[in-house]
Amino acid sequence: MARLSPLMIAPPLIFAAIGALFYFGLGRDGQNELESMFEGKPAPAMTSEALPGYAAITPEMLASGEVTLVNFWASWCPPCRAEHPVLKQMQAEGIRIVGVNFKDKADNAQRYLKDDGNPFLAVAFDPAGRTAIDWGVTAPPETFILDGDGTVLFKFVGPLVGSDYQQRFVPRLNEALGR
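Just so we're aligned, residue 824 is where the sequence shown starts under our numbering, counting upward by one.
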């Protein structure tokens, strides 16, 4: 009788175990959502440094009594450029948006806003990315919805375009706005 070597059995068992992990991991609830440690808590501190030529973001802006979006962006970021028309449309509809330009060069950011339009009430400048770290931002763009007292209601990772934006961000924004 032929004897099976453990080396012949191990690869199929390892493959089956990895397959089971993927299967059960993909089937869990909330698989496409990144949990934010800040939801339901006051917004973290904001740098007082402004992009030259633009107003700084103040604590009063984040707790103005109105819903405010905080958008982390950079001029070198293609998804940020893709969402820019949406931000301008939101601004035209009266939605308050402040921007945090991070890991960018001031002249590139200024040129971008001059050429493509400025949807922001104020623009913080965070060239080293310290404020982004404090807010838990991993890569631009990321957008936070704050209620009127500056509490973080929702964090959206990625550009404000496409089906994920329509299915997850828009309903949360409308809920915050009381629509």
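By construction, the Cβ of each residue, glycine as well, lies at the ideal position given by its N, Cα and C atoms.
Residue i versus the options, residue with shortest Cα-Cα distance
| i | options | result |
| --- | --- | --- |
| A905 | V984, L976, K978 and A915 | V984 |
| N997 | F948, G917 and P950 | G917 |
| P950 | T891, N894, A915 and V923 | V923 |
| D938 | T961, P908 and R919 | P908 |
| L787 | Y988, G863, V975 and G971 | No statement about residue 787 is possible, as the shown extent of the chain runs from 824 to 1002 and does not include it. |
| F943 | T954, T961, G952 and R919 | R919 |
| G766 | G971, V993 and P994 | Past the edges of the chain, shown from 824 to 1002, lies residue 766, and the structure says nothing about it. |
| T954 | N894, P994 and V993 | N894 |
Euclidean distance between Cα positions of residue i and residue j
| i | j | result |
| --- | --- | --- |
| S986 | E965 | 16 Å |
| S871 | F925 | 13 Å |
| A999 | E889 | 10 Å |
| A886 | Y846 | 43 Å |
| Q933 | R991 | 31 Å |
| N931 | E883 | 28 Å |
| L969 | L936 | 23 Å |
| F979 | N941 | 21 Å |
| A915 | C903 | 18 Å |
| V921 | Q912 | 14 Å |
| P963 | I956 | 12 Å |
| R826 | P835 | 17 Å |
| F977 | G876 | 29 Å |
| V975 | I841 | 37 Å |
| L830 | T961 | 41 Å |
| V993 | S828 | 57 Å |
| L844 | R995 | 31 Å |
| G952 | T881 | 18 Å |
Residue i vs residue j beta-carbon contact at 8 Å
| i | j | result |
| --- | --- | --- |
| A945 | A868 | no |
| G981 | F861 | no |
| G973 | P865 | yes |
| F948 | A833 | no |
| L892 | F838 | no |
Residue i in three-state terms, based on DSSP
| i | result |
| --- | --- |
| V893 | strand |
| L857 | Confidence in L857 is poor, its pLDDT being 49 and thus under 50, which makes the residue's placement unreliable; the coordinate value appears in the next sentence. Residue state, collapsed to three classes: coil. |
| G940 | coil |
| I837 | helix |
| K864 | coil |
| V921 | strand |
| V984 | coil |
| V975 | strand |
| V993 | helix |
| L830 | helix |
Could you tell me whether the region 920-935 touches the region 896-912, using the rule of 3 or more Cβ pairs below 8 Å? yes
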